Structures are given as structure tokens and as C-alpha cells.
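When the letters of the sequence shown are read in order and numbered with full-length UniProt numbering, they come out as residues 1 to 538. As C-alpha cells, the structure follows; a few thoughts come after it.
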Amino acid sequence: MNIQFNPEDFKCKRPFHVEPTNIVSVNDDMQRVSDEASAMNKRIHYYSRLTSPADRALIAPDHVLPAPDEIYVYSPLGTAFKIDSCTDGYGKNSSIVTIFMIWNTMMGTSILSIPWGIKQAGFTSGIILILLMGILTLYCCYRVVQSRKMIPLIDTSNWEFPDVCKHYFGSFGQWSSLLFSMVSLVGAMVVYWVLMSNFLFNTGKFIYNFVHDINVTDIVPGTNGSNRVICPSAASSHPPQNRSVMFSSGNYTGFELFEEWWNKSQTVPFYLIAVLLPLLNLKSPSFFAKFNVLGTVSVVYLVFLVTVKAAHLGIHLEYNWFTENEFFVPEFRILFPQLTGVLTLAFFIHNCVITLLQNNRNQENNVRDLSIAYFLVGLTYLYVGVIIFASFPSPPLSKECIEQNFLDNFPSDDIMSFVARIFLLFQMMTVYPLLGYLARVQLLRQFFGNPYPSVFHVLVLNIAVVGAGVAMARFYPNIGGIIRYSGATCGLAFVFMYPSLIYVISLHRAGQLTWPALIIHVFIILLGLANLIAQFLL
């Protein structure tokens with residue numbers, strides 16, 4: 001990744017020193033910050049503190065600035081990228097690359113719960129809610145992007161959204177933004193742990209049965225044929241993860257022992273600790289950032305899987321607007337807030353959108369590119385959610401059988417689902433340390449001024465985060481519930497409340513606030529609050 005700047009911008013930049021372990025380059029060669037650059041960094045900070053940022057009378061003179069080849073830009077992933085060369089504009093990324101980056105960043109585990117959310121809301125209302133939530137979150141994201149520009153007389157070019165919150169709300173804005181940011185990060189890590197336990201269990205089960213030539217079927221209702229679809233939730237008295245029947249000959253005692261030690265909720269979540277806890281304690285996660293492309297591959301493969309499954313299963317729809325029957329759900333259901341909670345996190349990018357758009361070559365296209373990215377994300381969610389819901393075989397199964405992770409509706413011996421679980425498992429195991437690093441940097445730096453104060457501090461934090469993931473995988477492995485609770489909580493602050501309040505306050509200070517603008521943005525805040533409260537009532 002190369003980030004390029006206009007040479008004229010060098011004089012107004014504020015270079016700073018970063019630890020050598022956090023510096024990476026495109027060529028994978030470790031780069032070091034020289035002692036001279038570190039000393040220059042201290043001088044830069046000295047000049048910047050002599051007066052307010054708005055007063056450029058005491059800006060650092062040219063001879064104090066480092067040479068262009070010694071300036072680095074710090075990324076949200078905790079790495080520093082070197083500025084290689086200079087072109088016009090803020091960055092070298094084209095609009096296509098910027099749109100793709102936003103799409104890739106926003107697409108996450110929520111896509112697995114979209115079909116379940118549509119089932120909870122009803123088919124028609126689910127489609128309408130995806131469109132409305134996409135538009136609403138896009139507008140709030142636009143307000144985040146514009147928030148820096150509405151602060152007069154201060155250079156906000158290097159600010160992130162938490163800095164804007166601190167400017168308007170003081171220490172409350174700083175600490176509350178930290179709190180809600182931690183909710184989103186820890187919530188994502190908990191969801192990852194639950195899903196990794198799920199994928200590891202099904203992958204291990206598939207491999208064991210294949211190696212030992214065992215033909216096993218879960219004791220759950222399901223369709224027949226090569227494209228079998230199952231309904232795990234209908235077998236409440238027989239948990240689908242371990243109750244099985246063996247049809248081929250083999251060592252039944254060994255199979256029973258395997259099922260005892262390979263349990264989705266009782267053993268597998270603990271096995272992950274041996275792999276992921278040591279990775280969380282690494283000082284720099286730059287190695288794992290190289291695998292981000294796996295997220296794109298996983299989403300593309302999920303779209304392919306959904307398309308193939310739908311082609312084999314066909315379309316099974318029946319419109320019942322308000323009444324429910326044995327196989328179909330109403331078009332409108334009172335449980336629709338469960339989908340809005342999931343969608344709040346599904347469309348959540350507000351805490352890092354400024355960073356992503358800063359590297360856009362043509363800054364005047366930011367709003368257009370952001371809108372296109374949101375459109376593509378919404379289209380992907382609609383496609384996966386609608387196709388899975390519509391093709392779910394009803395009858396013989398009820399639409400109520402659609403699981404919070406739609407891959408659970410396919411048996412562990414399904415080849416395409418096995419490949420999807422392998423992709424997602426490896427992707428999540430590489431992203432999980434990155435999320436842990438972001439949580440560590442935000443929390444420990446805030447309290448101790450250092451993202452790695454000691455091995456003990458880091459270990460205690462990581463044990464707490466891992467313990468939360470293990471506990472949820474053990475006692476509440478419902479990713480739809482976890483996603484909607486964490487999404488509605490962090491969304492209340494970053495999506496609905498802060499962007500609207502900042503916009504209203506800035507208009508008031510400029511003497512441009514009108515009653516329609518005030519009413520609209522107060523209504524947006526109330527929607528976010530109602531969204532959060534509804535998660536605990538339904």
C-alpha cells in the first residue's frame with residue numbers, strides 16, 4: 001500500500017515517531033525510524049504546542065521538517081506506511097479502489113444473519129428495512145465525513161471522528177466514543193469466536209467422517225437428496241451438534257469418543273484458546289493484515305454458494321400479509337427491530353470512514369464514492385438475504401427453520417458449505433488478532449499512554465476478551481442476538497446520536513439552524529434510541 005501526497009502538503013503535516021515494530025512496507029522489508037527522525041518528531045510537537053492549531057504564525061519551519069522519505073502515515077491497523085512519491089491529491093487510490101475498500105471493510109459476519117433477520121421481520125418488510133436502513137446509515141455516514149469541515153479556524157485535516165466528538169463534547173465525548181468503540185470491537189470479537197467455534201466444529205466433523213469413511217446424518221428434520229437442507233432448531237430435544245446416527249460399519253466406540261471430545265459448545269470453544277490467545281499478545285499484527293483479501297474471497301464465494309443452492313432448490317414463496325401458517329411467515333412481523341439491530345452493525349463503518357476516504361485521489365468524489373459503496377453493500381445483503389429466504393424449501397420445512405447463521409441450515413457433510421466454512425474460519429482467525437490489537441491500542445493507550453505497557457497488562461486484557469468469547473460460545477451461541485445487541489448499542493452513538501448532534505450544534509453556532517433540520521435530526525436520534533430499547537423487549 002503506497003500513500004502519496006502533494007509536495008506542497010509536507011509543510012502542514014505533523015510527522016510523528018512510531019515504534020519500529022509497527023512499521024511495514026510494501027516490499028515486506030522492515031523499516032526503521034532513525035534517531036534523527038525521532039528527534040525531529042519532538043521538535044515538531046514542540047512547535048505545535050507553542051500556539052493554537054489555528055494560528056500558523058509559529059508553524060514549524062522547513063528545516064525542521066523531515067525529508068519526504070522519512071515521513072510516515074499511521075493507519076488504523078497500527079502500521080506505518082512510508083510515503084514513496086508525490087502526485088497531486090490526497091492519495092493515490094482511484095474511486096474504484098476506494099469504493100472497493102469501503103465495500104470490503106463493511107462486509108462482515110452480519111451477512112450470515114441477514115436471511116434470519118428477513119425471516120424475523122417478514123419478507124416484504126425485511127426488504128423495505130434493508131433499503132431504509134441503508135439510506136439512513138448512509139446519510140449519517142455522510143454527516144460524519146462532513147463533520148470536520150464544519151469546525152472553523154482549526155486545522156482538522158488529521159482528525160478522526162473521535163477527535164471531532166472530543167472537540168464538541170469534551171472529555172465526555174472522548175470517553176463515550178471510546179466506550180462505544182470498544183463495544184463494537186469486543187462485540188465483533190465475540191461474534192467471531194462463536195462463528196469460529198461453529199466452523200471449526202463442522203470442519204473437524206467433516207474431516208473425521210471422511211478420513212474414517214463414516215456416513216453420518218444428524219437427527220434433525222430435513223429434505224432428502226443431494227442438496228439437503230436441515231432444520232436444527234426443530235430438534236430442540238436433540239441438539240444437532242452431536243446427536244448422530246452411523247449408517248456404515250466402523251469403530252462405533254471411537255466415534256462416540258470423538259463426539260464427546262469434539263462438542264460445538266462444550267469443548268471446541270476452548271480449543272481455540274491455544275491458537276488465538278498467543279496471537280493476541282503479539283506487539284504488531286502487520287503480518288495478519290496481509291490476509292485481508294480473504295474477506296473478499298469469502299464474500300464472493302458465499303454469493304456463489306447462495307446462487308448455486310438457489311438454482312437447485314428453486315423458489316418457495318407464499319404471501320401471507322399478516323397471518324402465519326405452518327410453512328410460511330407473515331410479510332410484516334412485530335419482530336422487525338431484530339433485523340434493524342443486525343443492519344445497524346451490517347452498515348456500520350462510521351468510526352473509520354474518514355480514514356478510508358482520506359486516501360481517495362479525488363476528494364471531491366468522496367460523497368459519490370461513499371454512496372456507490374453503500375449501494376453495493378446493500379445490494380449484496382439484499383441478494384444473499386432474499387435468495388436464501390426465497391429458496392428455502394417450504395414445504396416440507398418451515399421458513400421459521402432459517403438459522404441465525406444460514407450455513408447451519410446445510411449439514412456438515414455438504415461439500416460447498418464445508419469449503420465456505422474453511423474460507424471463513426481462516427479469514428476470521430487472521431482478522432481476530434487485528435481486532436484485538438485495535439481494542440488494545442484504544443483502551444490501553446487511553447489509560448496508560450502506551451498500547452503495550454507490559455506483557456501482564458496485555459495478557460489480562462486479552463484473557464478478559466477471550467473469556468467473553470468462550471462464555472458466549474458456551475452459553476449463548478446466537479450470533480444474530482449478539483450482532484443486534486452490539487450493533488444497536490454502538491450504532492446509537494456513532495451512527496445516530498453523535499453525527500446528528502454535531503451537525504445541529506455546528507448549525508446553531510453558525511446561526512443557520514432551522515426547525516426542520518432540528519426536528520429531522522432529533523427524530524434520527526430517537527430512532528436510534530428506539531432501536532436499542534426494542535432489542536431488549538423483543
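Glycine included, C-beta positions come from ideal geometry on N, C-alpha and C. This one's a predicted model, so the numbers in the text were calculated from it and none came from an experiment.
Pairwise C-beta distances place the stretch 473–487 out of contact with the stretch 200–214, as fewer than three of them are shorter than 8 Å.
In summary, residue 109 is buried, with 16 or more beta-carbon neighbours lying within 10 Å of its beta-carbon over all protein chains present. The stretch 100–118 makes contact with the stretch 395–408; the number of CB pairs closer than 8 Å reaches 3 or more. Shown here, residue 227 sits in coil according to DSSP, grouped into three states, outside any helix or strand. Distance from the Cα of residue 320 is smallest, within the candidate group 314, 313, 312, 329, for 329. Counting the other Cβ atoms within 10 Å of the Cβ of residue 160 gives 16 or more, which makes it buried.
Contact between residue 415 and residue 168 does not hold, since their C-beta atoms are separated by about 54 Å, which reaches or exceeds 8 Å.
Between the C-alpha atoms of residue 147 and residue 135 there is a straight-line separation of about 18 Å. Inter-residue distance for residue 419 and residue 233 is about 23 Å (C-alpha atoms, whole angstroms). The beta carbon of residue 99 sits closer than 6 Å to the beta carbons of 369, 372, 373 from its chain, once the five residues preceding and following it are set aside; these are given in chain order. 7 Å or more divides the Cβ of residue 313 from the Cβ of residue 432. Contact fails between the stretch 324–343 and the stretch 448–460, because fewer than three Cβ pairs, one in each stretch, are under 8 Å apart. The Cβ neighbour count for residue 290, taken over all protein chains shown within 10 Å, is under 16; the residue is labelled exposed.
Cα atoms of residue 459 and residue 288: separation of roughly 19 Å, rounded to the nearest angstrom.
Its chain contains 470 as the residues whose beta carbon lies nearer than 8 Å to that of residue 270, once the 5 sequence neighbours on both sides are disregarded; these appear in chain order.
At a Cβ-Cβ threshold of 7 Å, residue 204 and residue 261 do not count as neighbours. Contact between the stretch 122–134 and the stretch 463–479 is absent: fewer than three C-beta pairs spanning the two stretches fall below 8 Å.
Residue 341 carries a helical assignment under DSSP once its states are collapsed to helix, strand and coil.
Looking only at 516, 351, 495, the smallest Cα-Cα distance to residue 528 is reached by 495. Around the CB of residue 350, 16 or more other CB atoms lie within 10 Å, so the residue is classed as buried. Residue 354: member of the alpha helix (DSSP H) spanning 353–358, first to last residue.
Restricting attention to alpha helix (DSSP H) runs no shorter than 4 residues, the stretch 473–536 encloses them at 479–491, 498–509, ordered along the chain. Residue 171 counts as exposed, since fewer than 16 other C-beta atoms from the protein chains shown sit within 10 angstroms of its C-beta. Judged by DSSP in its simplified three-state form, residue 222 adopts strand. In chain order, 130, 131, 134, 347 place their CB closer than 8 Å to the CB of residue 378, counting only its own chain and leaving out the 5 sequence neighbours on each side. Ranked by Cα distance from residue 173, the options 497, 438, 532, 507 are led by 497. A distance below 7 Å separates the beta carbons of residue 390 and residue 315. Bounds of any alpha helix (DSSP H) do not take in residue 110, whose DSSP letter is neither H nor E. For residue 415, the enclosing alpha helix (DSSP H) starts and ends at 415–448. Just measuring C-alpha positions, the residue of 413, 412, 440 sitting nearest residue 280 is 440. A Cβ-Cβ distance of about 7 Å is found for the pair residue 294 and residue 423, placing them in contact under the 8 Å criterion. Its chain contains 187, 190, 191, 194, 472, 476 as the residues whose beta carbon lies nearer than 8 Å to that of residue 482, once the 5 sequence neighbours on both sides are disregarded; these appear in chain order.
The straight-line gap separating the alpha-carbon atoms of residue 478 and residue 361 is approximately 41 Å. Shown here, residue 93 sits in a strand according to DSSP, grouped into three states. With a threshold of 16 other beta carbon atoms within 10 Å, residue 304 falls short and is exposed. According to the DSSP assignment, residue 162 belongs to the alpha helix (DSSP H) that extends over 161–211.
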